[in-house]
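S.K.: Just so we're aligned, residue 1 is where the sequence shown starts under the UniProt record's numbering, counting upward by one.
For each residue, glycine too, the CB sits at the ideal point set by N, CA and C.
Predicted model only: the values in this text are computed from it and were never measured.
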Amino acid sequence: MTQKLPVLVTGGAGYIGSHAVLALIDAGWPVAVIDNLTTGFRFAIPEGVAFYEGDIEDSELLARIFAEQGTKAIMHFAGSIIVPESVENPLKYYHNNTAKSRALMDAAVKAGVPHFIFSSTAATYGIPEVSPVTEDSPKAPINPYGTSKLMTEIMLGDVAKAHPFNYCALRYFNVAGADPQARTGQSTAGATHLIKVAVEAALGKRSHVAVFGTDFDTPDGTGVRDYIHVSDLANAHVLALEALIAQPGRSLTMNCGYGKGFSVLDVLDAVDRVTNRTIERRLEGRRAGDPDSLISDNRRIKATLPWQPRYADLPTIVEHALAWERRLTEIRG
Ligand SMILES: NC(=O)c1ccc[n+]([C@@H]2O[C@H](COP(=O)([O-])OP(=O)(O)OC[C@H]3O[C@@H](n4cnc5c(N)ncnc54)[C@H](O)[C@@H]3O)[C@@H](O)[C@H]2O)c1
C-alpha cells in the first residue's frame, strides 16, 4: 500500500480543489490548503484541514507551510479559469497561472518536495482536428488561458528532467456535478459552466439558459462536450499521486474525461427530466473559438491508473449539481 504523505492542495477552497481535499481526507491522506480566496470560499474547506490564507507566489509562506506540514506532494489547482477574461486580460493569466506556477515549482524544488499534480485542461489542444482527442494530438491553444496552462506543463517537463521531482498533468475536459454527499460543490457566482447554469435556471436563480450556436457539425447542431463528474476527477488525482510515489522517475500527462459527448440540448433535456421542469432556452450565435465537439480519448488514464469512474452518467451528474445548488441556497440564506 502507498505511504500516505502530507499533501498541500493549492486552490483547495475552489470548486475542484475542495473535492480533491475531500477525496484525500476520505482516503486518509494528511492535507493542508493554501488559497487566497479570490474565487474560493472558506466554507468549502472541511474542519480539521490546516488552512493557510495566502498566495502561491509567497515563497516565505510556502517555505513555512512545507516545514510545518512536512509536505511531500502538491496538488496545484489555484489559478484563473475564465477563457474570455484571458482574451481581454492575457497578462493576468500569464501572471496568475504561469508565473505563479513557476514560483510554486521553485519553492517546491528548493524545499525538496518531490511530487506535483497539475490541473491542466483540454484548452491546451485548441480546436482539435480529430475527436476523441489523444494526449499526443497537437497542442495549439486558441486563447491565453490554454497557453498559460500549456506553458506550465512545459516548465514541469523541464523541472522533472533537472531535479528529483516528478509530476502528473491532468487535462480536464468539462468538469461538472458536486460531491455526492453535498459537502461541497461549485459555488462561484456568475459561473459559466453549462450544468451549473442549467440547474440555477431550473431553481429559478436565472430566467433562462443561452444556447450558443445551433449550426455546429453535430447531430443536433449544438456543441458537444465530454462532462466528467468532479468526484471522479478528484479520485483520479489521488490515484495519480499514488502512481507518482510508486514510480518516482516517471511523470505522466493524461486526459480526464469519460470519452463520451453530450450536446448542449442533451444536457438541458437531462436537467428538465431530473427537475421535472422546462428550462427556457434562448438560441444565440456561436461564441468565438468554440469547437463543434470536444471529447477525450481516455485510454491512457484507464491503462495507467486503476481509475473506475463511479458517476459517469449524465442524470447522476445533474442530480448532484442540483442537490449542491439547493444546499448553497441554505448556506447563503
Ligand atoms: N472547472 C473546469 O471545468 C476546469 C477545466 C479544466 C481545468 N480546470 C483547472 O482546474 C483548476 C481549478 O478550477 P476550479 O474550477 O476549481 O476554479 P475555482 O476558481 O473554483 O478554484 C480556483 C481556486 O484557486 C484560488 N486561487 C486562484 N489564484 C490563486 C493564487 N494566486 N494563490 C492562491 N489561491 C489562488 C481561488 O481562490 C480558488 O479557490 C484551475 O487551475 C483550472 O484552470 C478547470
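Runs of 3 residues minimum, wholly inside the stretch 53–118: which ones carry the beta strand (DSSP E) assignment?
M.R.: Here the runs fully enclosed are 73–76.
S.K.: Which of the three DSSP states, helix, strand or coil, is assigned to residue 193?
M.R.: Correct three-state label for residue 193: coil.
S.K.: Is the stretch 285–293 close to the stretch 240–249, with three or more CB pairs under 8 Å?
M.R.: The answer is no - the stretch 240–249 does not touch the stretch 285–293, with fewer than three Cβ pairs under 8 Å.
S.K.: Which stretch, first to last residue, makes up the beta strand (DSSP E) that contains residue 295?
M.R.: Per DSSP, residue 295 belongs to no beta strand (DSSP E) and is neither H nor E.
S.K.: Apart from the five residues on each side of it in sequence, which residues of its chain come closer than 7 Å, Cβ to Cβ, to residue 271?
M.R.: 198, 199, 202, 279 and 318
S.K.: Here's a check: name, in chain order, each residue in its chain whose Cβ is nearer than 7 Å to the Cβ of residue 111, leaving out the five neighbours to either side.
M.R.: Excluding sequence neighbours, residue 111 sits near 63 and 66.
S.K.: Sort out for me which residues DSSP pairs residue 50 with in a bridge.
M.R.: 32
S.K.: Determine, using beta carbons only, whether residue 286 comes closer than 8 Å to chain D.
M.R.: Considering every chain present, this structure includes no chain D. It has just one protein chain.
S.K.: Using the rule of at least 16 other Cβ atoms within 10 Å of the residue's Cβ for burial, across every protein chain shown, is residue 185 buried or exposed?
M.R.: buried
S.K.: Please report the Cβ distance between residue 170 and residue 240, rounded to the nearest whole angstrom; I am assuming they are in contact, meaning their Cβ atoms lie under 8 Å.
M.R.: 7 Å
S.K.: Can you tell me which of the three DSSP states residue 208 falls into?
M.R.: coil
S.K.: By DSSP, does residue 163 sit in helix, in strand, or in coil?
M.R.: coil
S.K.: Flag residue 78 as yes when its Cβ comes closer than 7 Å to any non-hydrogen atom of ligand 1, and as no otherwise.
M.R.: yes
S.K.: Determine the closest residue to residue 306 out of 7, 233, 35 and 164, with distance taken between C-alpha atoms.
M.R.: 233
S.K.: Is residue 13 near ligand 1, judged by its Cβ being under 7 Å from some heavy atom?
M.R.: Under cutoff, so the answer is yes.
S.K.: Report whether the distance from the Cβ of residue 175 to the nearest heavy atom of ligand 1 is below 7 Å.
M.R.: yes
S.K.: Quick check: does the Cβ of residue 96 come within less than 7 Å of any heavy atom belonging to ligand 1?
M.R.: yes
S.K.: I need the DSSP call for residue 184, collapsed to helix, strand or coil.
M.R.: coil
S.K.: Using 8 Å as the Cβ pair cut-off and three pairs as the minimum, do the stretch 42–62 and the stretch 260–269 touch?
M.R.: no
S.K.: Near residue 127, what residues of its chain come up, given a Cβ to Cβ distance below 8 Å and the 5 sequence neighbours on each side ignored?
M.R.: 140, 142, 289 and 291
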